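> Mind having a look at this structure? Questions to follow.
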Amino acid sequence: MGQTIRGSGNDDLRTLHQLSTGEYILTGYSQSGISGDKSQASQGATDYWVIKISSTGGKIWDKRFGGSGDDWVEASVVNSDGSIVLAGRSASGVSGDKSQASQGGRDFWVIKINSTGSKVWDKRFGGTGNEDANAMVATSDGYLIGGLSTSGISGDKSQSSQGGSDFWIIKINLSGTKLWDKRFGGTLTEDLRSIIKTTDGGFLLGGKSDSGVSGDKSQGSQGGTDYWSVKINSSGTRQWDKRFGGSVAEELRTVIQTSDGGYLLAGRSDSGISGDRTQASQGGTDYWMVKVSSSGGAGLIASARTEAEQASEEMEISMGLKADPNPFTEKITISFTLPQTEQVRLKVYNSQGLEVSTLFEGEAEKDKAYEFEWNANDQNPGMYIIRLGSESKMESRKVILVR
5 MGQTIRGSGN DDLRTLHQLS TGEYILTGYS QSGISGDKSQ ASQGATDYWV IKISSTGGKI
65 WDKRFGGSGD DWVEASVVNS DGSIVLAGRS ASGVSGDKSQ ASQGGRDFWV IKINSTGSKV
125 WDKRFGGTGN EDANAMVATS DGYLIGGLST SGISGDKSQS SQGGSDFWII KINLSGTKLW
185 DKRFGGTLTE DLRSIIKTTD GGFLLGGKSD SGVSGDKSQG SQGGTDYWSV KINSSGTRQW
245 DKRFGGSVAE ELRTVIQTSD GGYLLAGRSD SGISGDRTQA SQGGTDYWMV KVSSSGGAGL
305 IASARTEAEQ ASEEMEISMG LKADPNPFTE KITISFTLPQ TEQVRLKVYN SQGLEVSTLF
365 EGEAEKDKAY EFEWNANDQN PGMYIIRLGS ESKMESRKVI LVR
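This is the structure:
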């Protein structure tokens, strides 16, 4: 089965559930008006969009939920009665389908709909800063929703910020009423991306962090952003936390409990052999998996590639990416020669994985030598990544800026 479901604007799928009937529930966000498969007008810039399709991909119904601003759904739960709970972030005030005013900036926005897509209730949770909901799990008495928060004590936030952004979780009952909330973080930035229920009745939270030992973080950063997992009990009390990373940037995206009681942490990594990373980079960004015990101790640590990344390794030398001199004090010359004409991007990233410069973006001709100079006089000393990428392959070089 191959099926495209879309409107005339930008539409992004975030979650998919298969029902016992063989049908599917798709959730995401949409900027489309009535067009294509979208049957309702936009409420504002970006809306939640829910679609039910048959086992063969035919659309059964679709529903849009939003306010006058931007609303992005990131997580969903399908209940045994066929009702659906959606969670994401909203920048809207009272408007459209949004019944509560913003607490300030973006808030968590949770909507319950019935099995035919009609709204049952909606709830907003946030403080005076920004809150982004990214993950949710069902519990016997409600739902646990998590994401990031930049707020101090305000609105629905009962604990002060540790600095930058923190993991923030809220427990709500089946009617959407908040039962409690908890904040976990260090002095810099944390972003929660995954929540799972654990066999002992608690939860494991997973995301990324660039904080050192501070606040709720018990281990120092390995460099850039690291995987960060926090184990809590059923009432939200922290039991332990663990950091895994290399010298550049890692982002944890999902966690799974394994049959032996441990956990598998999975995401992406830009690091080579360093810190907790035991294998060399395949070039650019790799998938990275970390197996940990029930208490968070590391076991197997491995990286994996997509087929495109494997092709990248095979053709890496032929891209001819060079950086000279290395280390360098102010200016560095980057050159490459491609084996075929294609669209490429040559960019520079800092040790936290943030783009600091685009040196070239466009079509590069086969066997033609390209050379660019990067002047880093406005950058801090440290390690940078020069990355040359196309649709099918990618090559990187690590360079050191010294003063």
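Sequential numbering from 5 applies to the sequence shown in the numbering used here. In this text, a Cβ means the ideal position worked out from N, Cα and C, and glycines have one as well. No experiment lies behind these values; they were computed from the predicted model shown.
1) Buried or exposed: A139, going by 16 or more other Cβ atoms within 10 Å of its Cβ?
2) Less than 7 Å between C-beta atoms, sequence neighbours within five positions excluded: which residues of the same chain meet that for K123?
3) Please go through the same chain and pick out, in chain order, the residues whose beta-carbon is closer than 6 Å to the beta-carbon of M319, but skip the five residues on each side of it.
4) Taking 8 Å as the limit between beta carbons, can you name the residues of its chain near G386, skipping five residues before and five after?
5) Whole angstroms are fine: how far does the CA of G37 sit from the CA of K295?
6) DSSP beta-bridge partners for M387?
7) Per DSSP, which one or two residues make a beta bridge with L208?
8) Given a threshold of 16 other Cβ atoms within 10 Å of its Cβ, counted over all protein chains shown, does V77 qualify as buried or as exposed?
9) So who's on the other strand from L17, going by DSSP bridges?
10) Note down the Cα distance separating D85 from S263, rounded to an integer number of angstroms.
11) Along the beta strand (DSSP E) that carries E359, what are the first and last residues, could you check?
12) Going by beta-carbon coordinates alone, are F129 and I199 separated by less than 8 Å?
13) Name the residue from L342, L358, R187 whose alpha carbon lies nearest to the alpha carbon of A368.
14) Our contact map puts A95 next to A79 with C-beta atoms below 8 Å; I'd like the distance itself, whole angstroms only.
15) Taking 6 Å as the limit between beta carbons, can you name the residues of its chain near A308, skipping five residues before and five after?
16) Could you tell me if G61 is buried or exposed, where buried requires 16 or more neighbouring beta carbons within 10 angstroms of its beta carbon?
17) Is D75 near the ligand MG, judged by its Cβ being under 7 Å from some heavy atom?
18) Please report the straight-line C-alpha distance between T181 and N14, rounded to a whole angstrom.
19) Count the other C-beta atoms from every protein chain shown that fall within 10 angstroms of the C-beta of W53, then say buried if there are 16 or more, exposed otherwise.
20) Could you check which residue in G271, G227, S233 has the C-alpha nearest to that of F207?
21) Which partner residues does M398 have in the DSSP bridge list?
22) Apply the 10 Å Cβ neighbour rule to S239 and answer buried if 16 or more other Cβ atoms are within range, or exposed otherwise.
23) Using only the alpha-carbon positions, how far apart do V81 and S72 sit?
24) So, for T310: in the same chain, excluding its five sequence neighbours on each side, which residues have a beta-carbon less than 8 Å away from its beta-carbon?
25) For Q25, does the count of other Cβ atoms within 10 angstroms reach 16, so buried, or fall short, so exposed?
26) Check the DSSP bridge columns for L342 and list the partner residues they point to.
27) For the candidate residues S144, T143, G150, D41, whose alpha-carbon lies nearest to that of A137?
28) In the DSSP output, which residue or residues are listed as bridge partners for T258?
29) Closest by CA to K335, which one among F376, E365, V98?
30) Keeping to the same chain, check which residues put their C-beta closer than 7 Å to that of Q22; ignore five residues upstream and five downstream.
Taking the coordinates as given:
1) As a working note, residue 139 is residue 135 in the sequence shown. Classification for A139: buried.
2) Numbered from 1 along the sequence shown, position 119 holds the residue referred to as residue 123. Excluding positions up to five away in sequence, the list reads F69, D101, I115, I117.
3) For the purposes of this step, residue 319 is taken as residue 315 along the sequence shown, with counting starting at 1. Confidence in M319 is poor, its pLDDT being 35 and thus under 50, which makes the residue's placement unreliable; the coordinate value appears in the next sentence. The answer, listed in chain order, is K397.
4) Residue mapping note: residue 386 aligns to position 382 of the sequence shown, counting from 1. Close CB contacts of G386 within its chain, under the 8 Å cut and outside five residues either way in sequence, are with N354, S355, I404, L405 (chain order).
5) Your numbering for residue 295 matches position 291 in the sequence shown. Your numbering for residue 37 matches position 33 in the sequence shown. Taking the straight line joining both Cα atoms gives about 44 Å.
6) As a working mapping, residue 387 is identified with position 383 in the sequence shown. Per DSSP, I404.
7) Numbered from 1 along the sequence shown, position 204 holds the residue referred to as residue 208. Bridge partners of L208: I200, K235.
8) Residue 77 sits at position 73 when you count from the first residue of the sequence shown. Classification for V77: buried.
9) Against the sequence shown, residue 17 aligns to sequence position 13. Looking at the DSSP assignment, L17 forms a beta bridge with G32.
10) Stepping through the sequence shown from its first residue, residue 85 is reached at position 81. Stepping through the sequence shown from its first residue, residue 263 is reached at position 259. So the alpha carbons of these two residues sit roughly 28 Å apart.
11) As a working mapping, residue 359 is identified with position 355 in the sequence shown. Segment 359 to 368, the beta strand (DSSP E) holding E359.
12) Here residue 129 refers to the residue found at position 125 when the sequence shown is read from its first residue. Here residue 199 refers to the residue found at position 195 when the sequence shown is read from its first residue. The answer is no: Cβ separation not under 8 Å.
13) Taking the sequence shown and counting its residues from 1, one reaches residue 368 at position 364. Comparing Cα-Cα distances from A368 to each of L342, L358, R187, the minimum goes to L342.
14) The residue you call residue 95 lines up with position 91 of the sequence shown. The residue you call residue 79 lines up with position 75 of the sequence shown. 17 Å between Cβ atoms; not a contact.
15) Your numbering for residue 308 matches position 304 in the sequence shown. With a pLDDT of only 48 at A308, under the threshold of 50, the placement of this residue in the model should not be trusted; the figure read from the coordinates follows. Result list for A308: Y291, in chain order.
16) Counting from 1 along the sequence shown, the entry for residue 61 is found at position 57. Exposed, because fewer than 16 other Cβ atoms sit within 10 Å of the Cβ of G61.
17) This structure lacks the ligand MG; in fact it carries no ligand of any kind.
18) Translated into the one-based positions of the sequence shown, residue 181 becomes position 177. Translated into the one-based positions of the sequence shown, residue 14 becomes position 10. When rounded, the distance between both Cα atoms is 33 Å.
19) If you number the sequence shown from 1, residue 53 lands on position 49. It is buried - the Cβ of W53 has at least 16 other Cβ atoms within 10 Å.
20) Position 203 of the sequence shown, counting from 1, holds the residue named residue 207. Nearest option by C-alpha distance: S233.
21) As a first step, residue 398 must be located in the sequence shown, where it is residue number 394. G393.
22) Reading the sequence shown from its first residue, position 235 is the one you call residue 239. Exposed.
23) In the sequence shown, counting from the first residue as 1, residue 81 sits at position 77. In the sequence shown, counting from the first residue as 1, residue 72 sits at position 68. Each residue's Cα considered, the two are about 25 Å apart.
24) Translated into positions along the sequence shown, residue 310 becomes position 306. Since pLDDT at T310 reaches only 37, below the 50 mark, its modelled position is unreliable, and the value read off the structure follows with that caveat. Contacts found: Y291.
25) In the sequence shown, residue 25 corresponds to position 21, counting from 1. With the sequence shown as reference, residue 25 is identified as Thr, and Gln is not the correct amino acid for it. Of the residues assessed, T25 falls on the exposed side of the cut-off, its CB having fewer than 16 other CB atoms within 10 angstroms.
26) As a position in the sequence shown, residue 342 is number 338, starting the count at 1. According to DSSP, L342 shares a beta bridge with K370.
27) If you number the sequence shown from 1, residue 137 lands on position 133. When each option's Cα is compared against that of A137, the closest is G150.
28) Your numbering for residue 258 matches position 254 in the sequence shown. According to DSSP, which records beta bridges pairwise, T258 is partnered with A270.
29) For the purposes of this step, residue 335 is taken as the residue at position 331 of the sequence shown. Nearest option by C-alpha distance: F376.
30) Mapped onto the sequence shown, residue 22 falls at position 18. Once the five neighbours on either side are set aside, the close Cβ partners of Q22 are Y28.
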